[in-house]
Amino acid sequence: MQERAGFVTLGPVPFNWEPDKWRDFYFRIADEAPVATVYIGETICSKRAPLIEPYYEAVAERLSSAGKTVVFSTLSEVVSKLDRKLSEQICTADEFLVEANDSSALLHLHGRPHHIGPLMNVYNERAAAFLVRNGAQNICLPIEMPAGAIAALCQGVRGLDTTIEVQVFGRQSLALSARCYHARAHGRTKDSCRFVCENDPDGLELRTLDGRPFLTINGVQTLSYEYLNLIRELPELRAMGVSRFRLSPHSLDMVEVALIFADVLNGRIGIDEAAPRLETVKPAAPFSNGFYHGMPGYTWNGASVI
Amino acid sequence: MLHSSRVEPSVSPLRALLNNIPNLLLAVTPLAIIQPILGHIASHVALDHPELFARLGSHARKRFMVDPIDLPFVLILSPDNNRPTLRAYRRYEKPAHDAGIAGKFFNLLDMIDGSQDGDALFFSRDLRVTGDTEAVVALRNALDDFEGSALESVIGSFGPLAKPAALAVSGMRALQSRQNHA
Amino acid sequence: MPDPDFLRPELVCPAGTPAALRTAVDAGADAVYCGFQNATNARNFPGLNFTPAELEQAIGYAHAREAKVLLAVNTFPPAGRFDLWRDAIDVAARLGVDAVIVGDIGVADYAARTYPDLRLHLSVQAGASSPEAIRFYCQAFAVKRVVLPRILTVTEIAELHREIPCEIEAFIFGNIGMMAEGRCSLTNYATGLSTNMDGVCSPAADVRYEEDEDSTLTTKLGPFMIDRFACGENAGYPTICKGRYLCSSKPGGYYAFEEPVSLNLSALLPDLMRAGVTALKIEGRQRSRAYVKAVVSAFRKAVDDIMASHEPALANLLALTEGHKETQGAYRSKTWR
């Protein structure tokens with residue numbers, strides 16, 4: 001029943017949260033959120049990883065005991081020796097499933113069951129089939145995939161042993177860089193950053209020169225200003241064959257967000273009830289769903305959320 | 001090459017245009033004189049370079065305003081493969097157009113001729129682009145695929161007048177360069 | 001006598017049109033890279049690129065002059081549109097290009113399985129920035145050369161060279177994007193056209209230039225103001241990663257990602273060659289023949305001078321660079337990050 005309905009999953013926290021807060025967030029998720037899979041780990045900056053590492057074990061254990069599948073997400077940009085070491089450590093530990101966010105992880109994970117993260121480029125069934133042969137059993141599609149391509153990909157992987165996941169909530173990762181833009185915004189470099197990113201739990205907002213909110217900086221990552229919201233598209237996505245629906249964590253009430261999405265998936269509430277409920281937990285930034293509709297990513301398409 | 005002043009004034013429209021372009025800054029030449037020359041340039045390019053239209057695609061139907069800011073007129077280019085036209089207008093006429101390119105006459109000429117990089121001119125603010133940017137980019141790229149020098153080809157197309165035309169162009173260059181360094 | 005430290009590198013030059021290809025070959029390119037007139041390559045711009053017939057002629061021209069032709073099929077086919085990319089690979093194999101530059105795993109897999117003899121280069125769009133990532137592509141698709149992202153220092157390139165089984169191609173001049181290639185959806189976010197799927201970055205159709213009474217130039221992409229240049233200030237394209245923005249930690253508008261600059265590594269050429277770089281790549285398929293001629297000639301001479309152990313006379317290419325500013329980007333030092 002639940003398999004057919006699909007699962008809500010929780011992506012890794014992309015931001016630099018205070019370690020205690022990070023741990024408490026996952027404890028609450030373990031206790032209260034109706035999510036099937038929880039991705040944890042530092043995906044953006046290898047310098048941040050040691051800050052949360054001491055809590056990995058406790059968090060993973062709490063989540064597992066609550067019946068959730070824990071998946072470790074690897075670093076998305078692997079360049080330095082530290083990055084490489086970190087990525088290899090996670091990929092070669094056998095205790096947990098791993099989600100690859102960079103092609104270096106694919107080398108380590110060859111032949112072992114693993115997940116493919118949304119920061120990998122899987123745009124077509126041929127790439128998906130190759131990765132399944134390499135050991136992938138779940139693929140989270142790139143954020144910018146339009147509905148037609150998602151449907152075609154799902155169609156193309158039918159018969160292959162993999163599930164398809166799509167992000168449905170939260171700021172959208174738009175770009176990665178070797179340069180840290182948080183550090184740059186504070187006149188520092190990546191090596192001398194003194195962790196200025198810790199002050200922005202949902203990222204640092206950029207506005208255009210005429211004052212229009214535009215983007216969000218998170219270290220080497222650039223995210224959308226708007227928050228993705230595909231609650232209205234859930235039935236369509238499910239019909240295509242998408243079975244995992246990813247929420248990307250923010251400092252707002254993620255348990256409530258998870259409840260709303262799970263309630264829709266399980267048929268407990270309709271979209272018309274869910275949409276206004278999401279509106280009550282939403283942050284100051286507006287929702288967007290443009291990529292899905294083949295429109296500019298920042299746009300909101302369809303009936304507006306009441 | 002620098003002795004442009006030795007090119008004799010002529011009643012031929014081409015000579016009149018090329019010799020006098022710098023003077024036209026001050027003078028008011030009836031545009032009627034240059035219209036046939038422009039028409040000839042348009043048809044010649046269209047005949048000689050049909051591949052231009054393939055590169056332009058749907059932009060071939062657009063109207064481009066070429067604005068040589070140091071001359072007293074603007075040109076409207078409409079590449080349309082069936083009936084390409086190039087016409088001069090007075091600035092005050094504000095002819096309708098989809099896209100505009102403005103710059104000094106010789107910068108525009110050198111860009112069309114493949115000897116100056118359009119992007120570099122844009123970066124240095126020597127080239128101004130308005131309106132339909134995509135059409136401008138398509139035109140620039142299409143013109144850039146001309147074999148050799150488009151200018152030489154056009155000049156050659158004037159037959160017996162080609163040589164004086166070439167001399168006149170180089171003479172104008174020299175004059176311009178003297179003005180720039182003055 | 002050639003410097004014993006390194007082999008003669010291949011100078012890989014851009015060609016947006018057949019005329020530009022001939023210009024590059026005549027100016028001394030060892031190899032020219034180009035793409036088809038569609039979404040299969042990352043410079044899918046109006047009026048640019050090659051038809052299969054033009055490519056065939058271009059290959060004839062280049063091969064007669066001992067230059068190679070590399071075809072970029074380096075974007076990411078979305079499901080449902082794979083045929084376009086498959087056709088590009090088929091045509092490339094049929095026409096005998098010297099290598100195909102691929103970025104997508106699906107495209108690489110198709111090419112490697114269908115045409116085992118077709119030489120594959122890994123595009124910068126694949127974003128392979130570590131020995132492990134590169135080795136993965138070498139093992140999976142027998143990739144012969146990797147085009148490195150512009151984010152590594154020369155020292156890191158030298159170390160990388162010792163850890164990978166394939167050749168290295170590195171960018172030495174041209175436009176420098178700030179985001180990891182193949183992983184940037186900024187253009188799609190603002191315009192609805194994707195860099196990865198449609199091969200565009202700041203598509204001209206969504207670009208607007210507005211100049212006011214004071215000659216202040218405003219550049220826009222879609223509805224977003226990307227930059228504003230005062231009268232006389234050098235301008236740049238409205239590329240999102242080179243725009244000026246406002247942020248709470250800064251008093252005024254600032255270049256949040258990078259200024260409008262271009263990469264110029266002419267001063268680091270000997271170091272790059274010593275680091276084991278096989279091919280030196282010039283960016284700019286969207287640029288004019290005038291650009292191609294100037295840049296290729298300058299680097300041809302510089303490389304020849306270095307090979308002859310002469311001090312390279314480095315022509316000033318500043319006028320061709322965006323914002324008329326040059327940078328050595330990440331190549332010199334880690335502080336760039």
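Chains as they are written, first to last, in my numbering: chain A, 1 to 306; chain B, 1 to 182; chain C, 1 to 337. Note that beta-carbon positions come from the ideal geometry of N, C-alpha and C, so glycine has one too.
Asked, Found
"Nearest residue (CA-CA) to V69(C), options E169(C), A92(C), F141(C) and A298(C)", "A92(C)"
"Neighbourhood of L25(B) by C-beta distance below 8 Å, restricted to the same chain and skipping five residues each side", "With a pLDDT of only 46 at L25(B), under the threshold of 50, the placement of this residue in the model should not be trusted; the figure read from the coordinates follows. Only D70, L71 and P72 meet the Cβ criterion."
"Beta carbon proximity, F123(B) to chain C, threshold 7 Å", "yes"
"Span separating the alpha-carbon of E95(A) from that of K68(A)", "14 Å"
"Expected contact under 8 Å - CB spacing of I231(A) and I269(A) to nearest Å", "That pair is no contact at about 10 Å."
"L38(B) to T85(B) span [Cα, whole Å]", "8 Å"
"Spatially closest choice to F195(A) from K47(A), Y26(A) and N121(A), by CA coordinates", "K47(A)"
"N175(C) - partner residues in DSSP beta bridges", "S262(C)"
"D94(A) in three-state terms, based on DSSP", "coil"
"Three-way DSSP call (helix, strand, coil) for L26(B) in this model", "With a pLDDT of 44 at L26(B), under the threshold of 50, the modelled position of this residue cannot be trusted, and the question is left open."
"Contact set between the segment 65-92 of chain C and chain A, restricted to residues whose Cβ is under 8 Å from the partner", "F76, P77, P78, A79, G80, R81 and F82"
"Under 7 Å between C-beta atoms of V146(C) and L122(C)", "yes"
"Spatial distance of T163(A) from V107(C) (CA atoms)", "22 Å"
"Buried or exposed (CB count within 10 angstroms, at least 16 for buried), H182(A)", "buried"
"The segment 139-148 of chain A touching the segment 100-120 of chain A, judged by at least three CB pairs closer than 8 Å", "yes"
"Within chain A, partners of C13(C) - CB distance below 9 Å", "Per Cβ cutoff of 9 Å: no residues; C13(C) is ~25 Å from chain A at best."
"Nearest candidate by alpha-carbon position, reference D214(C), set A230(C), D206(C), M225(C) and S202(C)", "A230(C)"
"CB contact below 7 Å: A99(B) versus chain C", "no"
"Inter-residue Cα distance where the pair is V296(C) and R65(C)", "16 Å"
"Touching by the beta-carbon criterion (3+ pairs, under 8 Å), the segment 50-64 of chain A and the segment 203-210 of chain A", "no"
"Supposed contact pair T133(B) and Y209(C) - C-beta distance, whole angstroms, cut 8 Å", "7 Å"
"Straight-line gap, L143(B) to T239(C) (C-alpha atoms, nearest Å)", "24 Å"
"Closer than 9 Å at the beta carbon, the chain C residues around A185(A)", "C247, S248, S249, K250, Y254 and A256"
"Beta-carbon proximity list for L246(C), same chain, < 7 Å, skipping 5 on both sides", "G253"
"Under the three-state DSSP convention, the category T222(A) falls into", "strand"
"Other residues of its chain near R150(C): CB distance less than 7 Å, five sequence neighbours each side excluded", "F171, I176, L263, G329 and A330"
"Euclidean distance between Cα positions of P260(C) and I226(C)", "11 Å"
"Local conformation of R86(C) per DSSP, three classes", "helix"
"Cβ shell of V79(A) (< 8 Å), same chain only, five flanking positions each side left out", "A178"
"DSSP three-state assignment for I29(A), whether helix, strand or coil", "helix"
"Proximity to L160(A) [Cα-Cα], best of R126(A), Y56(A), N16(A) and R23(A)", "R126(A)"
"Alpha helix (DSSP H) runs contained entirely in the segment 113-157 of chain A, provided each spans 4 or more residues", "125-134 and 147-157"
"G329(C) at chain A interface by Cβ criterion, 7 Å", "no"
"Closer than 7 Å to chain C by CB, L26(B)", "With a pLDDT of 44 at L26(B), under the threshold of 50, the modelled position of that residue is not reliable, and no figure is offered here."
"Per-residue contacts from E211(C) into chain B (C-beta, under 8 Å)", "R128 and T130"
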